[in-house]
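Working notes, structure below.
Protein chains: 2
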Amino acid sequence: MLVVKGSMRNTAIVPTTLTQSSSGPERPARSTMKDVAQLAGVSVKTVSRVVNGEPGASVEVRERVLQAVDRLDYRHNLGASTLRRKDARSGIVGALLQDIGNSFSAGLLRALEDALRDSGVSVLAVSLDEEPERERGVVADLVTRRADGLVLMPASRRHEYLLSEHRAGLPIVFVDRKPHGLDCDSVTIDNVLGARMATAHLVAGSHRRIAMLSDLEEIETAAERIAGYRAALAEADVSFDPALLVPSVRSEAEAARVVAGLLSRADPPTAFVTGRNILTIGAVRALRSAGLSRQVGLVGFDDFPMADLVEPALTVIRQDVRRIGGEVGRILLARLSGDTAPPNHVVLAPTLVPRGSGEIPLAS
Amino acid sequence: MLVVKGSMRNTAIVPTTLTQSSSGPERPARSTMKDVAQLAGVSVKTVSRVVNGEPGASVEVRERVLQAVDRLDYRHNLGASTLRRKDARSGIVGALLQDIGNSFSAGLLRALEDALRDSGVSVLAVSLDEEPERERGVVADLVTRRADGLVLMPASRRHEYLLSEHRAGLPIVFVDRKPHGLDCDSVTIDNVLGARMATAHLVAGSHRRIAMLSDLEEIETAAERIAGYRAALAEADVSFDPALLVPSVRSEAEAARVVAGLLSRADPPTAFVTGRNILTIGAVRALRSAGLSRQVGLVGFDDFPMADLVEPALTVIRQDVRRIGGEVGRILLARLSGDTAPPNHVVLAPTLVPRGSGEIPLAS
DNA sequence: TGTGTTTACGTCAACGTTGACGTAAGAAGA
DNA sequence: TCTTCTTACGTCAACGTTGACGTAAACACA
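So the sequences go chain by chain: P and L. Per the working numbering, the first sequence runs over residues 49 to 412. Per the working numbering, the second sequence runs over residues 49 to 412.
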């Protein structure tokens with residue numbers, strides 16, 4: 049019997065997930081420069097010159113090569129090209145966002161796309177769903193793909209694992225959340241300020257029992273928004289009631305349940321601050337079914353497409369998503385063209401958009 | 049003087065957009081298998097074996113190699129790897145959608161991402177904004193990148209230009225709109241049916257003067273929805289009034305203007321069908337400012353996140369975005385693993401979601 | 001003990017492309 | 001006319017990796 053002793057390390061470094069469609073009728077191979085060269089009766093290098101628009105090819109030869117290209121459906125192979133070239137740019141940047149289907153991430157992605165468009169960089173977008181493991185996996189994959197840069201809305205708390213990549217020259221721009229244990233660019237908004245504004249706005253409407261719903265406290269933005277909420281209460285000399293702060297609310301449905309629960313208390317809150325767009329929607333739903341949308345104040349974090357069409361229209365703290373995406377793109381492009389200045393930390397101020405739901409005064 | 053005669057073709061086949069950050073402090077070069085091999089005192093091939101988890105490396109050697117990998121921050125180079133490998137999969141599929149920031153495209157993208165996740169394929173997403181030229185450019189770029197497959201919500205009308213790629217074995221799945229001049233997979237919904245349902249629903253509420261707003265008629269889905277609208281009118285023996293059909297409405301603001309205009313006619317429509325989500329929003333806004341949201345019927349095409357929270361809640365024709373994305377992913381994966389069956393043409397039925405705005409009866 | 005088999009490596013070439021450099025023919029200049 | 005320069009090519013090697021194949025040592029089996 050053979051007993052294998054020793055280390056159990058047997059792990060491949062290369063992800064093995066890629067389906068090795070073992071059989072599959074092999075595709076008709078793409079033609080290469082060699083084929084084109086043969087058909088045009090020139091050397092491969094000449095084809096390369098023509099295809100790349102380099103000088104050093106006569107008009108007739110150029111003609112012949114281009115005809116051969118057409119005839120053979122030749123397509124340049126970017127992989128081979130960047131492998132050989134000096135400055136090997138893959139022309140890909142990875143965008144690791146929270147959930148591409150969510151309007152915040154989607155808007156951000158779109159703004160980023162626009163900012164990068166002219167530079168010929170493509171965006172590989174991924175949803176992390178707040179799963180740190182996925183984040184690591186995707187980063188590994190992107191590094192393996194030799195992505196030129198990363199845009200990261202991190203699911204993880206600590207980012208030391210990116211140190212080596214960053215040192216190796218990979219530009220990384222954090223969005224929405226700051227890096228920890230890594231000194232790189234970031235574009236965030238002032239969440240403390242935003243939540244303070246939201247809360248203070250309700251306080252100004254004479255509310256004192258203001259509840260707050262928030263996402264997982266481990267998520268930095270959530271923690272900051274909670275801090276802003278508490279700061280505003282403190283500034284207004286409103287005592288903090290732990291029962292009115294519900295963190296770790298993760299879905300629209302859960303938000304609705306939580307709000308319903310709070311409303312059915314003996315001393316229900318008279319206003320709500322919701323820490324994220326889906327929580328706001330849940331809250332609206334709960335207020336609606338309790339028939340209290342016009343009695344209870346509500347200020348939501350994050351604006352969304354139809355917020356002004358709800359009854360009452362929603363007062364929100366708006367982040368300028370296009371601006372954020374634009375800044376991220378700008379920084380990334382600068383890094384891609386060799387900018388080695390110290391990290392930028394852009395912090396944008398959110399704005400309060402009063403529409404009605406936040407201006408409901410305290411019913412006395 | 050030298051006069052250059054002959055063809056003016058001087059165009060490079062390779063996109064030249066990629067910023068050639070000519071100067072830029074060159075990045076510290078990534079270490080390669082060679083470096084690892086040297087440090088570990090083995091051959092490059094052995095490193096390859098260890099890194100790929102292939103058999104044929106003793107435990108001690110494996111150990112040494114992995115240590116060297118760690119020390120040097122070695123990262124596998126997928127580009128070089130797929131270049132050499134037989135079945136050269138890039139592990140990228142392109143998703144060419146209308147507008148990634150729009151909830152329909154974003155939802156689709158997210159569903160596609162989920163469907164493809166387990167297979168280790170990444171999605172490179174692009175917004176086409178209904179610009180056929182951009183479509184072509186992006187396709188060219190993706191082919192150059194040797195994408196394994198394409199998901200296409202086309203901006204163009206004719207798709208012959210994809211024939212060569214398709215023949216070369218590139219799986220292409222059309223979404224939302226059917227291919228023309230190309231026989232490949234598609235996943236669409238029955239737009240005629242959807243618009244018929246919408247219109248018939250209003251007719252059932254005794255409406256006779258039903259207006260329709262639609263996107264550019266050149267967009268296939270828009271044309272089909274118009275056809276469905278007209279079919280429903282015909283079936284109900286309602287005569288078609290050309291003044292009530294407004295095609296080529298392209299934005300939310302324009303939709304609002306058009307609706308306002310129609311409402312101010314001598315014989316205003318009593319109900320609206322809107323052919324796309326942003327048009328619906330525009331219509332809601334116009335009805336709202338005219339104070340007519342509760343008098344005028346409205347059925348919108350496409351559901352969206354807060355449609356049920358508006359007053360009155362919006363009756364819509366819903367496309368099951370997750371289902372569509374799932375089907376697309378399923379087909380694509382099958383193709384990627386070698387399925388050569390004749391093209392699938394999945395046509396899903398939309399559903400009418402009655403919520404209020406479509407059930408407003410004709411005010412007599 | 002010899003022979004076949006297995007294991008653990010190594011060597012070499014190739015994937016598709018481009019940089020470095022070579023060269024022959026023609027143009028320019030003395 | 002001879003030299004030098006320029007133009008339009010070609011040749012070769014290399015980018016980082018892996019497939020095909022070779023080989024020496026260890027092992028199995030009769």
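Using N, Cα and C, we set each Cβ at its ideal position, and we do this for glycine too. Computed from a predicted structure; not experimentally measured.
Neighbour flag for residue i against chain L, beta carbons, 8 Å
i                       : result
proline 402 (chain P)   : no
glutamate 407 (chain P) : no
aspartate 147 (chain P) : yes
arginine 305 (chain P)  : no
alanine 411 (chain P)   : no
glutamate 359 (chain P) : yes
serine 175 (chain P)    : yes
arginine 184 (chain P)  : no
arginine 416 (chain P)  : Residue 416 (chain P) falls outside the range modelled here, since chain P spans only 49 to 412, and no answer is possible.
alanine 397 (chain P)   : no
Residue i at chain P interface by Cβ criterion, 8 Å
i                       : result
threonine 130 (chain L) : yes
valine 332 (chain L)    : yes
serine 299 (chain L)    : no
alanine 21 (chain L)    : Residue numbering for chain L in the displayed model covers 49 to 412; residue 21 (chain L) lies beyond these limits and cannot be assessed.
serine 151 (chain L)    : yes
leucine 172 (chain L)   : yes
arginine 366 (chain L)  : no
Residues that DSSP places opposite residue i in a beta bridge
i                           : result
histidine 393 (chain P)     : P:Ser234
methionine 260 (chain P)    : P:Leu293, P:Val321
threonine 363 (chain L)     : L:Val347
glycine 142 (chain L)       : L:Leu172, L:Leu198
phenylalanine 222 (chain P) : P:Leu200, P:Ser234
threonine 399 (chain L)     : L:Arg366
valine 358 (chain L)        : P:Val358
query = When the Cβ atoms of the stretch 312–321 of chain P are set against those of the stretch 294–301 of chain P, are three or more pairs found closer than 8 Å?
reply = Segments in contact, no.
key: Members of the stretch 103–127 of chain L that neighbour chain P once the beta carbon cut-off is set at 7 Å   = Listed by position along the chain: Val107, Arg110, Glu111, Leu114, Val117, Asp121, Arg123, His124, Asn125, Leu126, Gly127.
query = So, do the stretch 274–287 of chain P and the stretch 379–398 of chain P have three or more beta carbon pairs nearer to each other than 8 Å?
reply = no
request  = Determine which residues of the stretch 190–220 of chain L have a Cβ less than 9 Å from any Cβ of chain P, and write them out in chain order.
outcome  = Listed by position, the residues of the stretch 190–220 of chain L near chain P (Cβ gap below 9 Å) are Leu190, Val191, Thr192, Arg193, Arg194, Ser212, Glu213, Arg215, Ala216, Gly217, Leu218.
message = So if I threshold CB-CB distances at 8 Å, which residues from the stretch 339–356 of chain L count as touching chain P?
response = Phe352, Pro353, Met354, Ala355
inquiry  = Beta carbons nearer than 9 Å to chain P: which residues of the stretch 230–241 of chain L have them?
reply    = If the cut-off is 9 Å between Cβ atoms, the stretch 230–241 of chain L has nothing near chain P.
message = Closer than 9 Å between beta carbons: that is the criterion. Which residues of the stretch 371–391 of chain P meet it against chain L?
response = Leu381, Leu384, Ser385, Gly386, Asp387, Thr388
inquiry  = Under 8 Å, with one C-beta from each stretch per pair, do the stretch 302–311 of chain P and the stretch 333–353 of chain P reach the 3-pair mark?
reply    = yes
query = Quick one, which residues of the stretch 155–170 of chain L are near chain P if we go by CB-CB under 7 Å, in chain order?
reply = For chain P, the residues of the stretch 155–170 of chain L that bring a beta carbon within less than 7 Å of one of its beta carbons are Gly155, Leu157, Arg158, Glu161, Ser167, Gly168, Ser170, in chain order.
query = Which residues, in order along the stretch 247–264 of chain L, keep a beta-carbon less than 7 Å from a beta-carbon of chain P?
reply = Listed by position, the residues of the stretch 247–264 of chain L near chain P (Cβ gap below 7 Å) amount to none.
inquiry  = Across the stretch 220–234 of chain P and the stretch 365–384 of chain P, are there enough close Cβ pairs to call them in contact, namely three or more that are closer than 8 Å?
reply    = yes
ask   = Which full runs of the beta strand (DSSP E) of 3+ residues lie inside the stretch 99–163 of chain P, going along the chain?
value = 140–145
ask   = Quick check: the stretch 132–151 of chain L against the stretch 157–172 of chain P, are there 3 or more CB pairs under 8 Å?
value = Three or more pairs of CB atoms, one per stretch, sit closer than 8 Å, so the stretch 132–151 of chain L contacts the stretch 157–172 of chain P.
message = Can you pull out the residues from the stretch 276–301 of chain P whose beta carbon lies closer than 8 Å to at least one beta carbon of chain L?
response = none
ask   = What are the residues of the stretch 313–333 of chain P that lie near chain L, defined by any Cβ-Cβ distance shorter than 8 Å?
value = Ile329, Val332, Arg333
request  = Would you check if there are 3 or more beta carbon pairs closer than 8 Å linking the stretch 227–238 of chain L to the stretch 248–256 of chain L?
outcome  = no
ask   = Three or more C-beta pairs closer than 8 Å, one from the stretch 120–130 of chain L and one from the stretch 80–89 of chain L: is that the case here?
value = As far as the Cβ criterion goes, the stretch 120–130 of chain L touches the stretch 80–89 of chain L, which means the pair count is three or higher.
Segment contact, 8 Å Cβ cut-off, at least three pairs: the stretch 346–365 of chain L with the stretch 128–137 of chain L = no
task = Flag this pair as touching only if the stretch 355–367 of chain P and the stretch 389–407 of chain P have three or more C-beta atom pairs under 8 Å; answer yes or no.
result = yes
query = Three or more beta-carbon pairs under 8 Å between the stretch 188–201 of chain L and the stretch 176–190 of chain P, yes or no?
reply = no
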